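Residue numbers (the working numbering), protein chains in the order written: chain C, 52 to 375; chain U, 52 to 375.
See the structure below:
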């Protein structure tokens, strides 16, 4: 298995790299973080970078993220043993189609998209015989985007989920898991439909709610936008972080995980109507019960090591003085 | 005016303290943070602490937060030049009634509650002639509560809002503002009804939304609670921080700023319905427009010094490894 090899890698021994050539299609926050880690952890001999925009590609080159740079997707994957597609989910199909005739037999083709059923539906029809297509999703990121936003260690301690297909080759899956483990990720498997429901509630709906409340606040007549901004530290500012995420990425997530998102939004609205009624009728007991229950969820998240126990996310308290 | 005096205080010169006796009624996160700052910045000769629970009072004494400790509210305020009420807003009226016959003529009586119209309605009828009642609200706090949660510098760089009454004495207001400035706060004035609308959108509704989505996630049948917790770092965990705030405080806020909260919740739901429709009909352009607009709000908040520009609130990325 890979565990001994990984131990060697961690110890910095001069072992052969995991892949000869890794091709990164898309070089935003995720792609560029992978590139940085692959380089520093010596996981490949050669990194090929391809992206649609000449400007972004040039920036990737300035940052020295790879060895070869091209806007030609087909060219980019020709020698790759591992191809990682890190693009807005809406273009997954077009990318798969563009590379289908250049993929090497035995290559592993994976992605990092936040929706899995749609990505599979888009890409699978284009995957040639002999290429191992394994949909993946690292649960990592920040509100920033683009090649400058990536950094070494982004995936450290984070989950990477795989939604293998019935025909997925077990060895290829092991190899891909070992790759993500080498980036520091914990790995897990589930089926695509379940993934999409889980992500709808832990990621997609939270982002949508955040975008929505920031929009509501910006549109009020009775409270000015400058008041919203000045006094945002009393709760609101937390939402603005998620609402500053990449608009293209999130537009595509909404369009490509529609059913699960609408299902979870309906649940959210139902619960909000109940809470709203408790407020209207002054039912303090109901409010207290709900507000107590949710405190326990926070505790579990901290105990599971999924967030810091520091008050206020450990925000620097002096941050607030910058604007004085 | 106070500015020279403040400069002296900041320089650590041995000037007379601002108040002879400050009484803190309620010694949770806010009260205990005030106590710590008053002590270290030498803003009073004597700090009297009073709270309902014997256990909490004992803890305050163990922490050495004051000079005198009593559960007798009337006794606590007898010699006070400044009385600060830091209790859940629902008990403001009862506290005012309990102290009304012991307040010293010329004393300043203020509070820190998140709702102002209700606090005024509850307290004002009990305020005796000659006592300066000035409703206040420091926009500061964390998701933690109780006397152990307070810390020095909590108010540094944060806003403290006052909602003076038509009869409020200008000198008393200046003196109270100088006190908060000495705690590091920036101060502002507005009328109580407007305060309650502003806070409904920047603080109350964000907390309610956070409590609500955490409740929704915990109640799903298709996604387990352990999945929600494991994969929470993809957005959800941000909401759990607000949803871990003090249940008693937030129950009272909901009950005592009902009208403004219901108004803002209605706006939020209306906007969410619009967004939901855009998702259902696959209207990518509408989604992209909204998601772009909100990014600008985040930028303004950072430019105004109201949040850190660090990705992910500057969270320690290693926090995620604690649970491995």
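Glycine included, C-beta positions come from ideal geometry on N, C-alpha and C. Computed from a predicted model, the values in this text were never measured in an experiment.
With a Cβ-Cβ cutoff of 8 Å, do residue i and residue j count as a contact?
{"i": "residue 170(U)", "j": "residue 143(U)", "result": "yes"}
{"i": "residue 21(C)", "j": "residue 141(C)", "result": "With chain C represented from 52 up to 375, any question about residue 21(C) goes unanswered, as that position is not in the structure."}
{"i": "residue 313(C)", "j": "residue 110(U)", "result": "no"}
{"i": "residue 74(U)", "j": "residue 205(U)", "result": "no"}
{"i": "residue 248(U)", "j": "residue 359(C)", "result": "no"}
{"i": "residue 88(U)", "j": "residue 72(U)", "result": "no"}
{"i": "residue 162(U)", "j": "residue 125(U)", "result": "no"}
{"i": "residue 93(C)", "j": "residue 68(C)", "result": "yes"}
{"i": "residue 185(C)", "j": "residue 230(C)", "result": "no"}
{"i": "residue 178(U)", "j": "residue 158(U)", "result": "no"}
{"i": "residue 311(C)", "j": "residue 243(C)", "result": "no"}
{"i": "residue 315(U)", "j": "residue 256(U)", "result": "yes"}
{"i": "residue 164(U)", "j": "residue 208(U)", "result": "no"}
{"i": "residue 329(C)", "j": "residue 338(C)", "result": "yes"}
{"i": "residue 187(C)", "j": "residue 137(C)", "result": "no"}
{"i": "residue 119(U)", "j": "residue 135(U)", "result": "no"}
{"i": "residue 342(U)", "j": "residue 366(C)", "result": "no"}
{"i": "residue 260(C)", "j": "residue 260(U)", "result": "yes"}
{"i": "residue 283(U)", "j": "residue 304(C)", "result": "no"}
{"i": "residue 182(C)", "j": "residue 160(C)", "result": "yes"}
{"i": "residue 363(U)", "j": "residue 275(C)", "result": "no"}
{"i": "residue 299(C)", "j": "residue 139(C)", "result": "yes"}
{"i": "residue 228(C)", "j": "residue 219(C)", "result": "no"}
{"i": "residue 86(C)", "j": "residue 117(C)", "result": "yes"}
{"i": "residue 103(U)", "j": "residue 121(U)", "result": "no"}
{"i": "residue 281(C)", "j": "residue 357(U)", "result": "yes"}
{"i": "residue 132(U)", "j": "residue 70(U)", "result": "yes"}
{"i": "residue 108(C)", "j": "residue 128(C)", "result": "no"}
{"i": "residue 319(U)", "j": "residue 353(C)", "result": "no"}
{"i": "residue 262(C)", "j": "residue 345(U)", "result": "yes"}
Based on DSSP bridge pairs, tell me the residues matched to residue i.
{"i": "residue 211(U)", "result": "189(U) and 238(U)"}
{"i": "residue 95(C)", "result": "70(C)"}
{"i": "residue 205(U)", "result": "Paired residue(s): none; residue 205(U) is not in a bridge."}
{"i": "residue 100(C)", "result": "75(C) and 120(C)"}
Does the distance between the C-beta of residue i and the nearest non-hydrogen atom of the ligand PLP fall short of 7 Å?
{"i": "residue 234(C)", "result": "What this structure holds is no ligand at all, so the ligand PLP is not there to describe."}
Under 8 Å between C-beta atoms, does residue i make it to chain B?
{"i": "residue 104(C)", "result": "Reference to chain B is not applicable here, since the protein chains of this structure are C and U."}
Between the region 241-269 of chain U and chain C, which residues of the former have a C-beta closer than 9 Å to a C-beta of the latter?
-> 241, 245, 248, 249, 250, 251, 252, 253, 254, 255, 256, 257, 258, 259, 260, 261, 262, 263, 264, 265, 266, 267, 268 and 269
Residue ranges of each alpha helix (DSSP H) within the region 110-195 of chain U, 4 or longer = 124-128, 143-150 and 168-174
Stretch-stretch touch, CB-based, cutoff 8 Å, three pairs: the region 337-355 of chain C with the region 282-296 of chain U | yes
In chain order, what residues of the region 209-240 of chain U put their CB closer than 7 Å to some CB of chain C?
-> 209 and 210
Within the region 252-335 of chain C, note down every full beta strand (DSSP E) run reaching 3 residues or more, in order along the chain.
-> none
Cβ contact (3+ pairs, closer than 8 Å) linking the region 258-276 of chain C and the region 203-217 of chain C | no
In chain order, what residues of the region 353-369 of chain C put their CB closer than 9 Å to some CB of chain U?
-> 353, 354, 355, 356, 357, 358, 359, 360, 361, 362, 363, 364, 365, 366, 367, 368 and 369
According to a CB-to-CB cut-off of less than 7 Å, which residues of the region 125-143 of chain U neighbour chain C?
-> none
Listed from N- to C-terminal order along the chain, which residues in the region 304-317 of chain U have their beta-carbon within a distance smaller than 8 Å of any beta-carbon of chain C?
-> 305, 306, 309, 312, 313, 315 and 316
Using a Cβ cut-off of 7 Å, which residues of the region 107-120 of chain C contact any Cβ in chain U, in chain order?
-> none
With 7 Å as the limit, tell me which residues of the region 272-285 of chain U have their beta carbon closer than that to any beta carbon of chain C; keep them in chain order.
-> 273, 274, 278, 279, 280, 281, 282, 283, 284 and 285
Select from the region 331-351 of chain C all residues with a C-beta closer than 7 Å to any C-beta belonging to chain U, and list them in chain order.
-> 331, 333, 335, 338, 339, 341, 342, 343, 344, 345, 346, 348, 349 and 351
Residues of the region 68-94 of chain C with a CB closer than 7 Å to any CB of chain U: list them in chain order, please.
-> none
Report the residues of the region 164-196 of chain U with a CB closer than 7 Å to any CB of chain C, ordered along the chain.
-> 190, 193, 194 and 195
Which residues, in chain order, does the region 285-299 of chain C contribute to contact with chain U at a C-beta distance below 9 Å?
-> 285, 286, 287, 288, 289, 290, 291, 292, 293, 294, 295, 296, 297, 298 and 299
Note down, in chain order, all residues in the region 147-165 of chain U with a beta-carbon under 7 Å from any beta-carbon belonging to chain C.
-> none
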